[in-house]
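**Q** Following this message is one structure expressed as structure tokens.
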Amino acid sequence: MTEPVPSPPPAMDRAGLLAGLRARIARLDRSGPDMQGRAALPLSPELDAHLPWGGLPLAGLHEILGEDPGSSLGFAALLMARAQAALPGRSLLWIAPEPDAYPPGLAGLGLDAARLILVRAPRAADALWAAEEGLRSPAIAAVLLLGPAPDLTAARRLQLAAETGGGIGLLLRDGAEEAGPGAALTRWRIAPRPAQEATAHHLGDPAWEIRLLRARGGRPGAWLAEWDAAQGRLVTPAPLAAAGRRRA
Amino acid sequence: MAGRRAARPPSLPLLAALEPPPPAPLPSAGPAPTARGRRFLVLEGPGVGARAVWALRFSPLVGRRGPDGLIVETTGLPEPEPELLARVLAAFARAGTPARGMLGAAPAALAALLRAGHGSAVLAPAQEAAAVSALPTAALDLPEEVVAGLHRLGLREVAALEAQPRGPLARRFGPALLAELAALRGALGPFTPVRPPPCHVAAQDFPAPLLTAPAIARALERLLASLCAGLEEAGVGARALRLTAFRGDGTWQEIGQGLGRASRDPAHLMDLLRRRIETLRPEFGFERMMLAAPATEPLAPAQSGLPGEAVAQEALSALLDRLGQRLELWRPLPRASHWPERALARGDAHGPGAPFAPAPRPLRLLRRPVPLEAVALLPDAPPSLLRRGRRTERVVRAEGPERIEPEWWRAGPEPPPRDYYRVELASGARWWVCRRGAPGDADTRWFLHGYLS
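As given, the protein sequences belong to chains V and Y, one line each in that order.
The numbering used here puts the first residue of the first sequence at 430, with every later residue one more than the last.
The numbering used here puts the first residue of the second sequence at 69, with every later residue one more than the last.
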């Protein structure tokens, strides 16, 4: 009487099995870090090393929270400028109930206003529709959506639209709101900080405390960053010790 | 009308003048009427002129002749002329404005024949020439005193009039008479169509009137396919579309749609029109729909398969067309002004953009600046405390002031000068605040004008 004993896979095969499983999971979760060919925007060497995509992934939705409208918008404008540089020839959409973008100030963060289109959407439903249409279009590098947070279904739709179009979607929200579950790939919280070389009569370059609250497939983190306007790069000298304490 | 004219010659007995003489019967058609050249249908009936746009369902070229007359060019219409005339007259009768119609070559002659009291008919060229010769001069489109003068001379028929030498006629009655004589024989006068005829039209009749949105959408798809085929053949793209839907009761509805960039892609055009279908009110159904491209632009055939600037440009204009249907969009453009809110202009979203030079300015310029209360150590010192609503913010750093004087060369009352400060609050937030009015003025106020990064 011989019972068929399920033979364990040979030790040699274990690595292959794991790779196969990983590939299957990656196929199921299309936004996972293993997805091949997902280009990423460079932010700064430290941030890029921390993010699982080696930068901020394109074809995705990102949430930016901030209680101070200036600093969070500054970070968003920087991401838009980077997306513009990575996808030349594409345009930017700025969707808001009252789009009051001021390009002379945005140009300081490297954003080229020649390809900026402002969309006035007083109603939230229209704004979401416009953002989805924009993200789905192959002519758009980044869509910035200011206003109330979309619900989970709407955010998921935006994420899918971004995967179709290849640009990035940025949801800029008031940080005082409760940050519920989101379909975005990353969620950031930006707070203003004094610049390094600031004096009583000199503000210095824009400086932020960047907190990565959530990244799909990555760990949270926090950094002090400063925008070097002369060199056009983001400098993140030190990660903050309190990284990840604050939950999204 | 015929009665009024017939009463004029004084030699006529009174009773005979009151009753219009019955028109002489039209000459017989003769063998096989072969019509060449341009053909027109002249309609006459009370209130017919108001139906000019609706009459576009029969032909793209329709003009008004006063409140009670229409002229429709029928050149090249595929239907045989007698059937066409019957169909037009039946449609007008159903629409509540019965009309008489005369189809022939010279609109002036047709109108004169109708005025003389003839019934509806299709005239072959020979028949028309004979009928015009027999026309009474009273039926011509001439001033009353001219007709009276002709009658005094005994010229009661067009044939008699045409037998006269033209020179004396012109000297006596003016050039209008000669122009009318020429028009009777086919010289075309200026004719203003109610709508300029578009070069590219697709139209379809529906024996069973269209009632539902899906049916209209399907019909529209067919129309678009044929319109786009025509556009492609001509090497142009539509910059505007006009859909006219005709109801059986003599009314019509129109949808106009502009495009930011010439296109002949049926899918894109359908996308734009599909959203507008719900604005149509078919009620008893549309019997005919006509899709025209009133504005076109040369459009080179696109080379497909090479992703690049051109593809992105095309996709962008398609996107902006879609967004522009529901939302307001524009491009920020620089303007030569140092007054902050005036340095920004709104440009057409479809047009080209322009780069901006970086400046120490906020990222957002608040359209309604937020009033602040400020505490400063000295009247001309930067503020040390700012109160916005109920919150008090301590200023830890301040850059400024940057004095911006009003542009005195502009008309209108001059606003007070502004002193702008870039301030950093204790929370780290950076604001662009300004004091309106020079320090020491009686009425200075502080505003938050924008957020700095």
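Don't be surprised by glycine CBs; every beta carbon is placed ideally from N, CA and C.
Quick caveat: nothing in here was measured; it's all calculated off a predicted structure.
When the Cα atoms are used, what is the spatial distance from tryptophan 514 (chain Y) to arginine 503 (chain Y)?
**A** 4 Å
**Q** Find the residues of chain Y that neighbour aspartate 555 (chain V), judging by a C-beta separation of less than 8 Å, and give them in chain order.
**A** In chain order: Arg394 and Leu395.
**Q** If I measure Cβ to Cβ from glycine 539 (chain V) and keep anything under 6 Å in the same chain, skipping five residues before and after, which residues do I get?
**A** So the list reads Ala510 and Gly661, once near-sequence residues are dropped.
**Q** For leucine 218 (chain Y), which option in Y:Arg356, Y:Leu237 and Y:Pro135 has the closest C-alpha, if you only look at C-alpha atoms?
**A** Closest option to leucine 218 (chain Y), Cα to Cα, is Y:Leu237.
**Q** Please identify the residue among Y:Ser385, Y:Asp511 and Y:Glu475 whose C-alpha is closest to the C-alpha of proline 447 (chain Y).
**A** Y:Asp511
**Q** Counting contacts by CB-CB distance shorter than 9 Å, is arginine 390 (chain Y) in contact with chain V?
**A** yes
**Q** Decide if arginine 414 (chain Y) is buried, meaning its Cβ has at least 16 other Cβ atoms within 10 Å, or exposed.
**A** exposed
**Q** Can you tell which of Y:His406, Y:Pro485 and Y:Glu149 has its C-alpha closest to the C-alpha of proline 170 (chain Y)?
**A** Here residue 170 (chain Y) turns out to be methionine, not proline, going by the sequence shown. The shortest C-alpha separation from methionine 170 (chain Y) is found at Y:Glu149.
**Q** Which residues in chain Y have a C-beta closer than 9 Å to the C-beta of leucine 476 (chain V)? List them in chain order.
**A** Correct list: empty, because the minimum Cβ distance to chain Y is about 17 Å.
**Q** Which residues does DSSP list as the beta-bridge partners of cysteine 502 (chain Y)?
**A** Y:Tyr488 and Y:Phe515
**Q** With DSSP as the reference, label tryptophan 656 (chain V) as helix, strand or coil.
**A** strand
**Q** Flag this pair as touching only if the segment 331-351 of chain Y and the segment 306-321 of chain Y have three or more C-beta atom pairs under 8 Å; answer yes or no.
**A** Flag = yes, the segment 331-351 of chain Y and the segment 306-321 of chain Y touch.
**Q** For the candidate residues Y:Pro146, Y:Leu111, Y:Gly115 and Y:Glu147, whose alpha-carbon lies nearest to that of valine 130 (chain Y)?
**A** Y:Leu111
**Q** If we require 4 or more residues per run, which alpha helix (DSSP H) segments fall completely within the segment 503-559 of chain V?
**A** 532-536
**Q** For glutamate 492 (chain V) versus arginine 586 (chain V), is the C-beta spacing smaller than 9 Å?
**A** no
**Q** Give the straight-line distance between the Cα atoms of aspartate 594 (chain V) and alanine 386 (chain Y), rounded to the nearest whole angstrom.
**A** The question names aspartate, but residue 594 (chain V) in the sequence shown is glycine. Those two C-alpha atoms are separated by around 14 Å.
**Q** Looking at C-alpha atoms only, which residue of Y:Glu248, Y:Arg155, Y:Arg253 and Y:Arg162 is the closest neighbour of alanine 197 (chain Y)?
**A** Y:Arg253
**Q** As a quick exercise: from Y:Arg390, Y:Glu441, Y:Val190 and Y:Gly115, pick the residue whose alpha carbon is nearest that of alanine 417 (chain Y).
**A** Y:Arg390
**Q** Give me, in chain order, the residues of the same chain whose beta-carbon lies closer than 7 Å to that of arginine 132 (chain Y); leave out the 5 immediate sequence neighbours on both sides.
**A** Gly117, Ala120, Leu138 and Val262
**Q** Taking a Cβ distance cut-off of 7 Å, strictly less, list which residues of the segment 629-648 of chain V are near chain Y, in chain order.
**A** From the segment 629-648 of chain V, only Ala629, His630, His631, Leu632 and Pro635 have a Cβ closer than 7 Å to chain Y.
**Q** Looking at the strands, I want to know which residues DSSP matches up with alanine 636 (chain V).
**A** V:Glu655
**Q** Quick check on the DSSP output: the beta strand (DSSP E) that includes phenylalanine 241 (chain Y) runs from which residue to which?
**A** Looking at the DSSP string, phenylalanine 241 (chain Y) is not in any beta strand (DSSP E); the run it does join, the alpha helix (DSSP H), is 234-241.
**Q** Against chain Y, with Cβ distances strictly below 9 Å, would proline 610 (chain V) count as a contact?
**A** Closer than 9 Å: no.
**Q** Give a yes or no on whether 9 Å exceeds the smallest Cβ distance from serine 473 (chain V) to chain Y.
**A** Chain Y, which has no Cβ nearer than 9 Å to the Cβ of serine 473 (chain V), makes this no.
**Q** When you compare the CB positions of arginine 107 (chain Y) and glycine 187 (chain Y), do they come within less than 9 Å of one another, or not?
**A** no
**Q** Buried or exposed for aspartate 487 (chain Y), going by 16 or more other Cβ atoms inside 10 Å?
**A** buried
**Q** Along chain V, in chain order, which residues have C-beta atoms closer than 8 Å to that of arginine 465 (chain Y)?
**A** Pro623, Ala627, Thr628, Ala629, His630, His631 and Leu632
**Q** Mind checking who aspartate 333 (chain Y) pairs with in its DSSP beta bridge?
**A** In DSSP, aspartate 333 (chain Y) forms no bridge with anything.
**Q** Select from Y:Gly392, Y:Pro264 and Y:Val215 the residue whose C-alpha is nearest the C-alpha of glutamine 325 (chain Y).
**A** Y:Gly392
**Q** For leucine 614 (chain V), tell me which candidate among V:Phe504, V:Glu592 and V:Ala530 has the shortest Cα-Cα distance.
**A** V:Glu592
**Q** With 7 Å as the C-beta to C-beta threshold (strictly closer), list the residues of the segment 503-520 of chain Y near chain V in chain order.
**A** Gly518, Tyr519 and Leu520
**Q** Compare the C-beta of leucine 384 (chain Y) against all C-beta atoms of chain V and say whether one is closer than 9 Å.
**A** yes
**Q** In angstroms, rounded to a whole number, what distance separates the CA positions of leucine 210 (chain Y) and proline 146 (chain Y)?
**A** 35 Å
**Q** Below 8 Å on the Cβ atoms is my guess for glutamate 346 (chain Y) versus arginine 315 (chain Y); work out the distance and round it to an integer in Å.
**A** At roughly 17 Å, the Cβ-Cβ gap does not stay under 8 Å, so glutamate 346 (chain Y) and arginine 315 (chain Y) are not in contact.
**Q** Where does the unbroken beta strand (DSSP E) through leucine 229 (chain Y) begin, and where does it stop?
**A** Segment 226-230 is the alpha helix (DSSP H) holding leucine 229 (chain Y); no beta strand (DSSP E) there.
**Q** What residues in the segment 531-548 of chain V bring their beta carbon closer than 8 Å to a beta carbon of chain Y?
**A** Tyr531, Pro532, Pro533, Gly534, Leu535, Ala536, Gly537, Leu538, Asp541, Ala542, Ala543, Arg544, Leu545, Ile546, Leu547 and Val548
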